[in-house]
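Comments concern the structure below.
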Amino acid sequence: MAWSWRYETAEGRVLDDEALPGELFSSRGDAESWLGESWRDLVEAGADQVTLLEDDRVVYTMSLHEDD
Numbered sequence: 000m001a002w003s004w005r006y007e008t009a010e011g012r013v014l015d016d017e018a019l020p021g022e023l024f025s026s027r028g029d030a031e032s033w034l035g036e037s038w039r040d041l042v043e044a045g046a047d048q049v050t051l052l053e054d055d056r057v058v059y060t061m062s063l064h065e066d067d
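Numbering (numbering that gives the first Met the number 0), first residue to last: 0 to 67.
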């Protein structure tokens, strides 16, 4: 199993910017910890929300904005 984040606009359009990290994680906890440390950088790079994927299965989507 591989865990990863998909970066999206507020409307759900997937961002394919190569400047955004393409990290793979061995566990959900590792993926979520990484996001906790990196979300501000992702917002600065243009991401509004992220979707957690387990392989190709969507686990959940969440906003990266504090006021949401």
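For every residue, glycine included, the Cβ atom is placed at its ideal position computed from N, Cα and C. This one's a predicted model, so the numbers in the text were calculated from it and none came from an experiment.
Are the beta-carbon atoms of residue i and residue j separated by less than 8 Å?
i     : j     : result
TRP4  : LEU51 : yes
GLU53 : MET0  : yes
ASP55 : ALA9  : no
Candidates the options: which alpha carbon is nearest residue i's?
i     : options                    : result
ARG12 : GLY45, ASP54, ASP66        : GLY45
GLU22 : ALA9, GLU10, SER37         : SER37
ASP15 : TYR59, MET61, LEU41, THR60 : LEU41
ALA18 : VAL58, MET61, GLU43, TRP33 : GLU43
Checking the sheet assignment: what are the DSSP bridge partners for residue i?
i     : result
LEU63 : According to DSSP, which records beta bridges pairwise, LEU63 is partnered with nothing at all.
TRP2  : PHE24, GLU53
GLU7  : VAL13, GLN48
Less than 8 Å between the CB atoms is what I'm expecting for residue i and residue j, so what's the real figure, rounded?
i    : j     : result
TYR6 : VAL58 : Not a contact, Cβ separation roughly 15 Å.
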